[in-house]
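Data first, discussion second: the structure below is written as structure tokens.
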Amino acid sequence: MKSSKYYFITVLLFLFSFTAYAADTKEEARPESSQSHDHGTWKEKRFVATVDADGIQRAEMVGGDYFYDPNYIVVRVNKPVELKVKKAAGLTPHNLIAKAPEAGIDFKLDLKGEPQTVKFTPTKTGKYPIYCDKSLLWFKTHRERGMEGMIEVVE
Ligand SMILES: [Cu+2]
-9 MKSSKYYFIT VLLFLFSFTA YAADTKEEAR PESSQSHDHG TWKEKRFVAT
41 VDADGIQRAE MVGGDYFYDP NYIVVRVNKP VELKVKKAAG LTPHNLIAKA
91 PEAGIDFKLD LKGEPQTVKF TPTKTGKYPI YCDKSLLWFK THRERGMEGM
141 IEVVE
């Protein structure tokens, strides 16, 4: 009885290390951010925001398994942005993260079925990644599965 228990644990350990190994060896097909993807299906969906009459640039985005649409948003520097985000149908939890406080872009929120509005004013031109950091157990993060994108700030 004891040996079958050890056998079970050994198999589990093997599966775990194989999963980690498989995740490590997928390094091709990178977009401009530093993360790799496990499939070649990430396609840029670009949205170029225009400045509304009230001076605000508005954009809308949907996040789901495992995408953002659009996933590449171009905004103008030093003009306020209102990004309305919501979650596509599905049970998997998703979030939206940007960590570029040096450019005035710094937020993290869990996506919901009802739209939420993220407000920020980009202060520096450049390209700033957005992504979902959720994952299930030791599996790949959603970011690694393609749930990432970019905010590009232009003059
Ligand atoms: Cu996600």
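With our numbering, you'll find the sequence shown wraps up at 145, consecutive numbering, no jumps. From the three backbone atoms N, C-alpha and C, an ideal C-beta is built for every residue, glycine too.
Own chain partners of residue i with C-beta closer than 8 Å, once the 5 adjacent residues on each side are dropped
i    : result
G80  : G54 and D55
Q106 : K74, V75, K76 and L99
E145 : R66, V67 and T115
G94  : F110, T111, P112, T113 and K114
Q47  : A39, T40, V41, V65, R66, K69, P70, V71 and E72
Beta-ladder partner(s) of residue i, from DSSP
i    : result
G167 : No answer is possible for residue 167: it lies beyond the span of the chain, which begins at -9 and ends at 145.
E142 : V64 and K117
R187 : The displayed coordinates of the chain run from -9 to 145. Any statement about residue 187 would go beyond what the structure contains.
E72  : R48 and K109
Span of the beta strand (DSSP E) around residue i
i    : result
T107 : Q106 to F110
F129 : That residue, F129, is in no beta strand (DSSP E); it is neither H nor E in DSSP.
I87  : N85 to A90
K98  : I95 to D100
V41  : Run containing V41: none; DSSP gives neither H nor E here.
Beta-carbon spacing of residue i, residue j below 8 Å
i   : j    : result
E50 : K74  : yes
Q96 : K102 : Looking at the sequence provided, one finds Asp at residue 96 rather than Gln. No, they are not a contact pair.
Chain B contact for residue i (CB, 8 Å cutoff)
i   : result
V75 : This model lacks chain B altogether, as it is built from one protein chain only.
Spatial neighbours of residue i in its chain, beta-carbon cut-off 7 Å, leaving aside the 5 residues before and after
i    : result
E34  : N61 and Y62
E92  : K114
D44  : none
F57  : G136 and M137
L126 : none
Own chain partners of residue i with C-beta closer than 6 Å, once the 5 adjacent residues on each side are dropped
i    : result
K178 : In the structure displayed, the chain extends from -9 to 145; residue 178 sits before or after that span and is not available.
P83  : K124
F37  : A49, P60 and I63
Whole-number beta carbon distance between residue j and residue i, since they are thought to touch under 8 Å
i    : j    : result
D112 : V64  : Reading off the sequence, residue 112 comes out as Pro, not Asp. Between V64 and P112 the Cβ distance is about 11 Å, and since that is not below 8 Å, they are no contact.
R133 : Y121 : 4 Å
D42  : V52  : 21 Å between Cβ atoms; not a contact.
Around ligand 2, which residues pass a check of Cβ closer than 5 Å to any of its heavy atoms? By its list of ligands, the structure shown excludes ligand 2, since it contains just ligand 1.
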